[in-house]
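Position one of the sequence shown corresponds to residue 500 (this note's numbering), numbered consecutively onward. Glycine included, every Cβ here is placed at the ideal spot set by N, Cα and C. Take a look at the structure below.
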Amino acid sequence: MSLSASGQSQSIKGSVKLSTTNTLATYHLPAIIEVIREQAPEIEISITTSNLVRDLTRREADISIRHGRPTQPELIAKLIRDTTANFYASTEFLDRIGRPRSPDDLKNANFLGFENPEQLIAAYGEHGVHLTRKNFPINSASGTAINEMVRRGLGIGTLLREDAALFPELELVLPELEPIPVPIWIVTHRELHTSPRIRLVFDILTECLEKI
């Protein structure tokens, strides 16, 4: 009943709950919020940062920006675009350890792990970079924390190309390696998509994220 009532609202005001990663919320979302505020100043925006799939059916979020395609049939999902993640390190770090010329040169390097290092080890192995748990002395579930530690020369991190481009002190490590594909999905509940304020925010997010 709550979902149905929200979807039928015809007023361009009220609250909209967004869920996204902390890197997107920190580096890219503020400029998009400015656009939303200009077009609909009576909309209140609440932002939750999480790497987990938020449950839109339980109203944890009205709109979610994810890197994985949702499978729930009651959700509306749109693939905004595909991006890529690559290995990056600070110039200071590479000056200190030397610039790798092949994947074998990375076997003794320090990497910054994102959440579960074992999953990263498997993903890297598919791209010809064979690492062990010893390569990950530092791990974090925070993408912004990892980015900052990469900038400070604590190790090599796997960063989205749009995030790394914001920091001129970062260098691409082994540019010849095939990048890791990362999709960007925007998701809302099927009933909420009929709400003018949800639709407006959904459309602005889509348009702006396509340009990043």
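First and last residue of the uninterrupted alpha helix (DSSP H) at Asn646: Mapped onto the sequence shown, residue 646 falls at position 147. Run containing Asn646: Gly642 to Arg650, per the alpha helix (DSSP H) assignment.
How far does the beta strand (DSSP E) with Gly513 in it extend, from its first residue to its last? For the purposes of this step, residue 513 is taken as residue 14 along the sequence shown, with counting starting at 1. Gly513 to Thr519 is the extent of the beta strand (DSSP E) around Gly513.
Secondary structure of Glu543, DSSP reduced to three states: Start at 1 with the first residue of the sequence shown, and residue 543 comes out as number 44. In the structure shown, Glu543 sits in a strand (DSSP, three-state: E or B).
For Ala504, name the three-state secondary structure that DSSP assigns. For this step, residue 504 is matched to residue 5 along the sequence shown. Since pLDDT at Ala504 reaches only 47, below the 50 mark, its modelled position is unreliable, and the value read off the structure follows with that caveat. In the structure shown, Ala504 sits in a helix (DSSP, three-state: H, G or I).
Can you tell me whether Lys512 is buried or exposed? The criterion is at least 16 other CB atoms within 10 Å of its CB, across all chains shown. Indexing the sequence shown from 1 puts residue 512 at position 13. When all chains shown are included, Lys512 counts as exposed.
Bridge partners of Asp581, per DSSP? By 1-based counting over the sequence shown, the position of residue 581 is 82. Bridge partners of Asp581: Pro682.
Helix, strand or coil at Ala588 according to DSSP, with G and I counted as helix: The count along the sequence shown starts at 1 and reaches residue 588 at position 89. It is a strand residue.
Minimum C-alpha distance to Leu603 - residue among Gly627, Val700, Ser545 and Leu669: Taking the sequence shown and counting its residues from 1, one reaches residue 603 at position 104. Just to set this straight, residue 603 is Asp in the shown sequence, not Leu. Looking at the Cα atoms, Gly627 is the closest of the given residues.
What do you reckon, are the CB atoms on Leu658 and Val649 nearer than 8 Å? Locating residue 658 in the sequence shown gives position 159, where the first residue counts as 1. Locating residue 649 in the sequence shown gives position 150, where the first residue counts as 1. Taking 8 Å as the Cβ cut-off, Leu658 and Val649 qualify as a contacting pair.
Measure the CB-CB distance between Gly652 and Glu559 and report whether it falls below 8 Å. Position 153 of the sequence shown, counted from the start, is the residue given in the question as residue 652. Position 60 of the sequence shown, counted from the start, is the residue given in the question as residue 559. It is not a contact, given that the beta carbons lie outside the stated cut-off.
Nearest residue (CA-CA) to Asp662, options Ala588, Asp594, Leu605 and Ile596: The residue given as residue 662 occupies position 163 in the sequence shown. Ranking Ala588, Asp594, Leu605 and Ile596 by Cα distance to Asp662 puts Ala588 first.
Between Leu669, Ile579, Leu699 and Ile562, which lies nearest to Glu537 when the distance is taken from Cα to Cα? In the sequence shown, the residue the question calls residue 537 occupies position 38. Ranking the options by Cα distance to Glu537, first place goes to Leu699.
Helix or strand or just coil, what does DSSP make of Thr570? Against the sequence shown, residue 570 aligns to sequence position 71. In the structure shown, Thr570 sits in coil (DSSP, three-state: anything other than H, G, I, E or B).
Flag this pair as yes or no: are the beta carbons of Phe610 and Gly654 separated by less than 8 Å? Here residue 610 is taken as the residue at index 111 of the sequence shown, counted from 1. Here residue 654 is taken as the residue at index 155 of the sequence shown, counted from 1. Yes, the Cβ-Cβ distance between Phe610 and Gly654 is below 8 Å.
Determine which residues share a DSSP beta bridge with Glu670 and list them. Against the sequence shown, residue 670 aligns to sequence position 171. Per DSSP, Ala588.
Can you give me the Cβ contacts of Ile679 inside the same chain, cut-off strictly under 8 Å, excluding the 5 residues immediately before and after it? The count along the sequence shown starts at 1 and reaches residue 679 at position 180. Cβ neighbours of Ile679 beyond the five flanking positions: Thr583, Ala584, Asn585, Ala622, His626 and Thr657.
Can you name the residues that DSSP bridges to Arg565? Position 66 of the sequence shown, counted from the first residue, corresponds to residue 565. Partner(s): Trp684.
What number of angstroms, rounded off, separates the C-alpha of Ala640 from the C-alpha of Glu614? Looking up residue 640 in the sequence shown gives position 141. Looking up residue 614 in the sequence shown gives position 115. Approximately 5 Å between the Cα atoms of the pair.
Along the beta strand (DSSP E) that carries Gly612, what are the first and last residues, could you check? Counting from 1 along the sequence shown, the entry for residue 612 is found at position 113. Where Gly612 is concerned, the enclosing beta strand (DSSP E) stretches over Leu611 to Phe613.
Between the C-alpha atoms of Ile637 and Glu617, what's the straight-line distance to the nearest angstrom? Position 138 of the sequence shown, counted from the start, is the residue given in the question as residue 637. Position 118 of the sequence shown, counted from the start, is the residue given in the question as residue 617. About 13 Å.
If we call anything under 8 Å between Cβ atoms a contact, is Ile697 one with Asp561? For the purposes of this step, residue 697 is taken as residue 198 along the sequence shown, with counting starting at 1. For the purposes of this step, residue 561 is taken as residue 62 along the sequence shown, with counting starting at 1. Result yes, Cβ atoms of Ile697 and Asp561 sit closer than 8 Å.
Look at Ser563 and Ser514 and say whether their C-beta atoms are less than 8 Å apart. For the purposes of this step, residue 563 is taken as residue 64 along the sequence shown, with counting starting at 1. For the purposes of this step, residue 514 is taken as residue 15 along the sequence shown, with counting starting at 1. Not closer than 8 Å, so no.
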